[in-house]
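J.:
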Amino acid sequence: MGNGWTPERRARQAEAIKRWKPWERSTGPTSDEGKARASQNAFKHGLRSAEWLADQKRVNDLLRACRKRLRRVL
């Protein structure tokens, strides 16, 4: 099952892209605001940090202990 791209179609598309030269128009951010925003593209949110994971483990341990106590009482 093909994807619809015959060798002829692929060659035509390659030639069209070479004529259009879209890489000459893609400049990225030019304003200071745009550059500042783009500089944060790889910023990590911190929800997988060691501190967050340790806190999450503590909460899970407390919940596990509470469930265990409830089972003994009920």
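When we follow my numbering, the leftmost residue of the sequence shown carries the number 38, and every step to the right adds one.
Ideal placement from N, C-alpha and C gives every residue a C-beta, glycine not left out.
Source: prediction; values computed, not measured.
Identify whether Leu84 lies in helix, strand or coil by the three-state DSSP scheme.
T.: Coil at Leu84, not helix or strand.
J.: If you follow the alpha helix (DSSP H) that Glu70 is part of, which residue opens it and which one closes it?
T.: Looking at the DSSP string, the run of the alpha helix (DSSP H) that includes Glu70 is Asp69 to Ala75.
J.: Determine the extent of the alpha helix (DSSP H) in which Lys55 is found, giving its start and end residues.
T.: Lys55 -> alpha helix (DSSP H) spans Pro44 to Trp57.
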